[in-house]
Every structure is written in C-alpha cells, then in structure tokens.
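In our numbering, the protein residues as written are 8 to 249.
For glycine and all other residues, C-beta sits at the position ideal for the given N, C-alpha and C.
What follows is a single structure, written as structure tokens, with notes after it.
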C-alpha cells in the first residue's frame, strides 16, 4: 500500500454521531429539492433543475462534510480554496461523463487560480462495475494520478463499454501508473473502505441521482450547463470574500 495510506485513513473516521447529525440535515435539503414538484419526479437522471429556489445548506454543516484533506486521493485544488465543489457521481453515468467533458474544463481555471477545490464521491448506483471503477480511481489517486485516470474513465465525454478488471488495469497502464502499486492499492482494504465510505455518504445526504453537487452551501442537481456552475461559483466566491 502507498506511503500516504495511514494519513489518508484519517479523513475516513469523523465522529460518527456528529456526522450522522450533519448528513441527516443535509439530506433534508437534497430530499426536499428532489421531491419539490411533480416535474422533478418526472425527470430522468439528467434532471435539469439547477439552483433556482434551492434552499442553502448552512455553512457550519457543509464545513463538516467537505473534507478539505490534503491526503484525499479523489480531490483537486488547494485545500484552503474559498469555494469547494463536491460531486456525487458514478462512472457508468452518461450525464457524469457529459459534465466531465463539457463543464469541468470550464471550471479548471478557478482550480488553477486557487479559488476552487473539487472533491469526488462515487456513489456507485449501477452495481459492481461502478464499484470496480471507483476502486480503480482511488488506486490511481493514491499515486497522485486521479485526474489522469479519471479522464480515461470518461473518454471524450462518453462512458466505457468495458469495466472488467482487465480493462481498468489497461487504462492504468495507459495513464502511466506504477502497475505494481496500482494493483496493490486496488486490492487493499484501505481502498475498499474509501469506496464504501463515499457510497454511504451519498445515501446519507440523499443524493438520489447522479450527478449531484454541493457548491459550498448551494445544492445543484443534474448535469447543468457550465453557466450554472460558473454563476454558483461566482456567488459562492463573493460570499466567501465578504
């Protein structure tokens, strides 16, 4: 297992009582939005709801869920960036692939400027193939290669057709990973714990479809256009600088 494994484990063990209270409250925000109207019920996984009329999640609750841990293998951006975006996703979700291809590049300038941190939480709604892909992404992240591997999992805005162990290993080789280390981390209990923790968090906060986002204290449901995220980012940044 890689040398940062012990440190990475620290962010997997928050006080369970505190976390339970936090996720229960945040779940109310997501659940309330997703059941707010008959139209929302009629939407597919591509729900186009945006941020209109979404009640903000209180800052003190968000601060206890957004990890901001330097050892998080599934995050990019400065730990102390004023704005944090948490994405609940699944590597078999076509709308997650669409968001990765169309919207993520528009946000990278804010990451590069040190103003935005993005943390991924794979909630694996589509079964064992999703779990394998999530585990592989964690293993890549343990080598500091999460984004390289992440791009391989969503080629040109599409999802993969093959999520077999062999196919995921081939992608790791293409991404330039240390294959011995990748295989060790892929099969480790540490990786299994991270994947399970993210799944449980997604269920707890009521992320019922993918992708679902939290931009500081603003929930965003669905693969919205880049303009929705840019607007939410600018408002969150302005609020953080007040």
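Next item on the list: Locate the beta strand (DSSP E) running through residue 225, then write down its first and last residues.
Entry: 225-228
Which value, in whole angstroms, describes the spacing of the CA atoms of residue 172 and residue 245?
-> 44 Å
(request) Can you give me the start and stop residues for the alpha helix (DSSP H) that residue 220 sits inside? (result) No alpha helix (DSSP H) contains residue 220, which is instead part of the beta strand (DSSP E) from 219-222.
Backbone CA spacing between residue 208 and residue 93 [nearest angstrom] = Here the C-alpha atom of residue 208 lies approximately 12 Å from the C-alpha atom of residue 93.
Three-pair Cβ contact test at 8 Å for the region 162-181 versus the region 197-204:
Contact fails: fewer than three Cβ-Cβ distances are below 8 Å.
Between the C-alpha atoms of residue 52 and residue 233, what's the straight-line distance to the nearest angstrom? The predicted position of residue 52 is uncertain, since its pLDDT is 38 and thus under 50; no value can be drawn from it.
Q) Does the region 112-119 come close enough to the region 179-189 to have 3 or more Cβ pairs within less than 8 Å? A) no
- Closest by C-alpha distance to residue 87, when choosing among 145, 124, 152: 124
Nearest residue (CA-CA) to residue 139, options 98, 188, 161, 91 = Residue 139 has its Cα closest to that of 98, out of 98, 188, 161, 91.
With DSSP collapsed to three states, give me the class of residue 125.
strand
Item to complete: State yes or no: is the C-beta of residue 108 within less than 8 Å of the C-beta of residue 153?
Response: no
Exercise. Tell me, to the nearest whole angstrom, how far the beta carbon of residue 226 is from that of residue 64; I am working on the premise that it is less than 8 Å.
Key: 7 Å
Kindly indicate which three-state DSSP category residue 92 falls into: helix, strand or coil?
strand
Considering only their Cβ atoms, is the gap separating residue 228 from residue 219 smaller than 8 Å?
yes
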